[in-house]
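*Asks:* In the UniProt record's numbering, the protein residues as written are 1 to 522.
1. Give the DSSP-derived three-state secondary structure of residue 250 in the structure shown.
2. Which class does residue 34 belong to by DSSP, given the choice of helix, strand or coil?
3. Looking at the unbroken alpha helix (DSSP H) that takes in residue 82, where does it start and where does it end?
4. Can you tell me whether residue 510 is buried or exposed? The criterion is at least 16 other CB atoms within 10 Å of its CB, across all chains shown.
5. Helix, strand or coil, according to DSSP, for residue 362 in the structure here?
6. What is the DSSP secondary structure of residue 191, counted as helix, strand or coil?
7. Roughly how many whole angstroms lie between the Cα atoms of residue 155 and residue 439?
8. How about residue 59 and residue 312: do their beta carbons lie closer than 9 Å?
9. Just to confirm my understanding: we take residue 525, look at its own chain, exclude 5 residues before and 5 after, and list those with CB closer than 8 Å. What are they?
10. Quick one: measure Cβ to Cβ for residue 114 and residue 95, integer angstroms, because I've assumed they're closer than 8 Å.
11. Going by other Cβ atoms of all chains shown within 10 Å of its Cβ, with 16 needed for buried, is residue 363 buried or exposed?
12. Could you spell out the range, first to last residue, of the alpha helix (DSSP H) harbouring residue 44?
13. Name the two residues that bound the continuous alpha helix (DSSP H) containing residue 398.
14. Under 9 Å between the Cβ atoms of residue 179 and residue 30?
15. How big is the Cα-Cα spacing for residue 316 and residue 492?
16. Mind checking whether residue 63 and residue 452 have CB atoms under 9 Å apart?
17. Does DSSP put residue 373 in a helix, in a strand, or in coil?
18. Check whether the region 369–380 touches the region 488–506, taking contact to mean three or more Cβ pairs, one atom from each stretch, closer than 8 Å.
19. How is the alpha helix (DSSP H) around residue 442 delimited, first residue to last?
20. Measuring straight from C-alpha to C-alpha, what distance separates residue 496 and residue 18?
21. Can you check whether the CB of residue 145 is closer than 9 Å to the CB of residue 27?
22. Please report how far the alpha carbon of residue 108 lies from the alpha carbon of residue 118, in whole angstroms.
23. Count the other CB atoms, across all protein chains shown, that sit within 10 Å of the CB of residue 385; report buried if there are 16 or more and exposed otherwise.
24. Tell me, please, whether the region 298–306 touches the region 468–478 by the rule of three or more beta-carbon pairs shorter than 8 Å.
25. Locate the alpha helix (DSSP H) running through residue 124, then write down its first and last residues.
26. How long is the line joining the alpha carbons of residue 72 and residue 465, rounded to whole angstroms?
27. Going by Cα to Cα distance, which pick from 181, 202, 397 and 295 is closest to residue 319?
28. Is residue 497 helix, strand or coil when you go by DSSP?
29. Rounded to whole angstroms, what's the CA-CA distance from residue 395 to residue 47? Just pull it up for me.
30. When DSSP labels each residue in this structure, what does residue 321 get in the three-state scheme?
31. When the distance is taken between beta carbons, is residue 75 closer than 9 Å to residue 196?
32. For a test of the three-state rule: what should DSSP assign to residue 468, helix, strand or coil?
33. Helix or strand or just coil, what does DSSP make of residue 286?
34. If I'm right that residue 483 touches residue 379 with Cβ under 8 Å, what's the distance once you round it to whole angstroms?
35. Assuming residue 22 is part of the alpha helix (DSSP H), what are its boundary residues?
36. Return the chain-ordered list of same chain residues with a C-beta closer than 8 Å to the C-beta of residue 287, the five sequence neighbours on each side being excluded.
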């Protein structure tokens, strides 16, 4: 973790409470979501080979699923967390279909699409941030625990997915999918932020109906007033024959129907702008101008991270079978799991980085803390990614296996580094965090999309090692862009918080945080 300003004694003592809120939000939901995301990769390529289906079709399907994930994530951000419930219900329906038709290509493709379309990662992250937004320290701890739980579920799924496939083939995979997605639906329905989102939607609908009813009543009253005015005019015509010489109502001071309804019209005119302003202010916030550049760099890193990792995920089972002679999905899945689990255990310990003043450090100690602190810890992980992509293509099996194991660790810590940067630049604003995290997840999905589209084609058409060389190139280019942009913004060898504060003072920009101003309780 990067150096930050020394925490107050109260903040240092803050710990996440051991409660159902903590267990359900930070452990159960992310672990289950990670399992649903990853279990299918242990056997899908082997199953396609077994059924005689074109593996390229699966790659295209995974790519389309990643694009669809972007759409559904945007839908959740625009409409609210309540949309996670119908999406999870649709996920269950598609999982049930493949238990009935496990040997049908369309059913299996629908299963792949469901896993990618209805990914709950952003939903769970937003729920976690809402619940633990009492302080930055709690939010960071919760985000770290959530990521560790997600990683355990995601990484473990490679192992138990391989075991399920080896023992019960695709029928067993389908039944596991159905049960896990059903439990996921039940957990989502119990989340208070999801229910609050639904209540907010209903309240808006009721308010809109009430406003429409008031406007209808006002139009009816206006029509009655017009009829009354016309009746009075006809009566006046009967009494006074010289109509042409009769003064108009405005000249005599007699109130017309417009004057009568002025107070109500004024009320309507005041209500409508207020409603519009409320809508715009409560709508999911955009990324602040000063955070756009960091957000773009975080998105680029998320894209490269997922491109590399999913290149491995979509090819590792078939790669180790055809390139190294591993015929069982279990062993390849176990190797895929171990690195992720290692990173998850390290993250779950919440090893707090020592707070140092870089101005008082010298030599190698200064270089170490400056290089491994925010935001350049992300650059360090990208350097590691480049070497791992080259190592997994090695013809030596031990080197290839070690690279595969460490890829899981690099992937997990890169996600953690990205989330920490989003938490930092959100300055405690839930709207900003949602916007930045959703943008990051969209970039992740784009990386997954290209990995599914490119990796299988490179594997089948060019060479089994070609996908990993392509990944190394993508990460290297991203590394250069990320490092240069942050060096230009913050310099090097400075605490990120102090550097941003100095930058804002130099540019005369106001910078304030809202930690603790809002939180959601169970």
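The beta carbon of each residue, even a glycine, is placed where N, CA and C say it ideally should be.
*Replies:* On the basis of the supplied data:
1. Taking the chain shown and counting its residues from 1, one reaches residue 250 at position 250. Here residue 250 scores only 38 on pLDDT, less than 50, and its place in the model is too uncertain to base an answer on.
2. Position 34 of the chain shown, counted from the start, is the residue given in the question as residue 34. Residue state, collapsed to three classes: helix.
3. Within the chain shown, numbered from 1, the residue matching residue 82 stands at position 82. Secondary structure note for residue 82: it is in no alpha helix (DSSP H), with a DSSP letter that is neither H nor E.
4. What you label residue 510 is simply residue 510 of the chain shown in a count that begins at 1. Exposed is the call here.
5. Working through the chain shown from its first residue, we reach residue 362 at position 362. Reduced to three states, the DSSP call for residue 362 is coil.
6. In the chain shown, the residue the question calls residue 191 occupies position 191. Coil.
7. Residue 155 sits at position 155 when you count from the first residue of the chain shown. Residue 439 sits at position 439 when you count from the first residue of the chain shown. C-alpha of residue 155 to C-alpha of residue 439: approximately 24 Å in a straight line.
8. Position 59 of the chain shown, counted from the first residue, corresponds to residue 59. Position 312 of the chain shown, counted from the first residue, corresponds to residue 312. In this structure, residue 312 does not lie closer than 9 Å to residue 59 by Cβ.
9. The requested residue 525 does not occur in the structure, where the chain is confined to residues 1 to 522.
10. The residue you call residue 114 lines up with position 114 of the chain shown. The residue you call residue 95 lines up with position 95 of the chain shown. Their Cβ separation, rounded to whole angstroms, is 6 Å, which keeps residue 114 and residue 95 in contact under 8 Å.
11. Position 363 of the chain shown, counted from the first residue, corresponds to residue 363. So residue 363 counts as exposed.
12. Residue 44 sits at position 44 when you count from the first residue of the chain shown. Start and end: 44–51.
13. In the chain shown, the residue the question calls residue 398 occupies position 398. Its alpha helix (DSSP H) spans residues 397–426.
14. Within the chain shown, residue 179 is the residue found at index 179, counting from 1. Within the chain shown, residue 30 is the residue found at index 30, counting from 1. Using a Cβ distance threshold of 9 Å, residue 179 and residue 30 do not count as a contacting pair.
15. As a position in the chain shown, residue 316 is number 316, starting the count at 1. As a position in the chain shown, residue 492 is number 492, starting the count at 1. For residue 316 and residue 492, the gap between their C-alpha atoms comes out near 38 Å.
16. Taking the first residue of the chain shown as position 1, residue 63 is located at position 63. Taking the first residue of the chain shown as position 1, residue 452 is located at position 452. Taking 9 Å as the Cβ cut-off, residue 63 and residue 452 qualify as a contacting pair.
17. Stepping through the chain shown from its first residue, residue 373 is reached at position 373. If DSSP states are grouped into helix, strand and coil, residue 373 belongs with coil.
18. They touch, by the three-pair rule.
19. The sequence position of residue 442 within the chain shown is 442, counting from 1. Here the alpha helix (DSSP H) through residue 442 covers 430–457.
20. Indexing the chain shown from 1 puts residue 496 at position 496. Indexing the chain shown from 1 puts residue 18 at position 18. For residue 496 and residue 18, the distance between alpha carbons rounds to 32 Å.
21. For the purposes of this step, residue 27 is taken as the residue at position 27 of the chain shown. For the purposes of this step, residue 145 is taken as the residue at position 145 of the chain shown. A contact, by the Cβ cut-off of 9 Å.
22. Taking the first residue of the chain shown as 1, we reach residue 108 at position 108. Taking the first residue of the chain shown as 1, we reach residue 118 at position 118. A straight line joining the alpha-carbon of residue 108 with that of residue 118 spans about 16 Å.
23. Here the question's residue 385 lines up with position 385 in the chain shown. Taking every protein chain shown into account, the CB of residue 385 has 16 or more other CB atoms within 10 angstroms, so this residue is buried.
24. Taking one beta carbon from each stretch, the region 298–306 and the region 468–478 have 3 or more pairs nearer than 8 Å; the two touch.
25. In the chain shown, the residue the question calls residue 124 occupies position 124. That run of the alpha helix (DSSP H) goes 121–131.
26. Position 72 of the chain shown, counted from the first residue, corresponds to residue 72. Position 465 of the chain shown, counted from the first residue, corresponds to residue 465. Pairing residue 72 with residue 465, the inter-Cα distance amounts to about 33 Å.
27. Numbered from its first residue, the chain shown carries residue 319 at position 319. Among 181, 202, 397 and 295, the Cα nearest to that of residue 319 is on 397.
28. Taking the first residue of the chain shown as position 1, residue 497 is located at position 497. Under the three-state reduction of DSSP, residue 497 is assigned to helix.
29. Sequence index remark: in the chain shown, residue 395 carries index 395 (1-based). Sequence index remark: in the chain shown, residue 47 carries index 47 (1-based). Looking at the two C-alpha atoms, the distance is approximately 25 Å.
30. Position 321 of the chain shown, counting from 1, holds the residue named residue 321. Correct three-state label for residue 321: helix.
31. Sequence index remark: in the chain shown, residue 196 carries index 196 (1-based). Sequence index remark: in the chain shown, residue 75 carries index 75 (1-based). Result no, Cβ atoms of residue 196 and residue 75 do not sit closer than 9 Å.
32. Here residue 468 refers to the residue found at position 468 of the chain shown. DSSP, read as helix, strand or coil, puts residue 468 in helix.
33. Counted from its first residue, the chain shown places residue 286 at position 286. Judged by DSSP in its simplified three-state form, residue 286 adopts coil rather than helix or strand.
34. Your numbering for residue 483 matches position 483 in the chain shown. Your numbering for residue 379 matches position 379 in the chain shown. Between residue 379 and residue 483 the Cβ distance is about 5 Å, and since that is below 8 Å, they are a contact.
35. For this step, residue 22 is matched to residue 22 along the chain shown. 20–23 is the extent of the alpha helix (DSSP H) around residue 22.
36. Locating residue 287 in the chain shown gives position 287, counting from the first residue. Taking residue 287 as the centre and dropping the five residues before and after it, the same chain places the C-beta of 295, 432, 435, 436 and 439 closer than 8 Å to its C-beta, in chain order.
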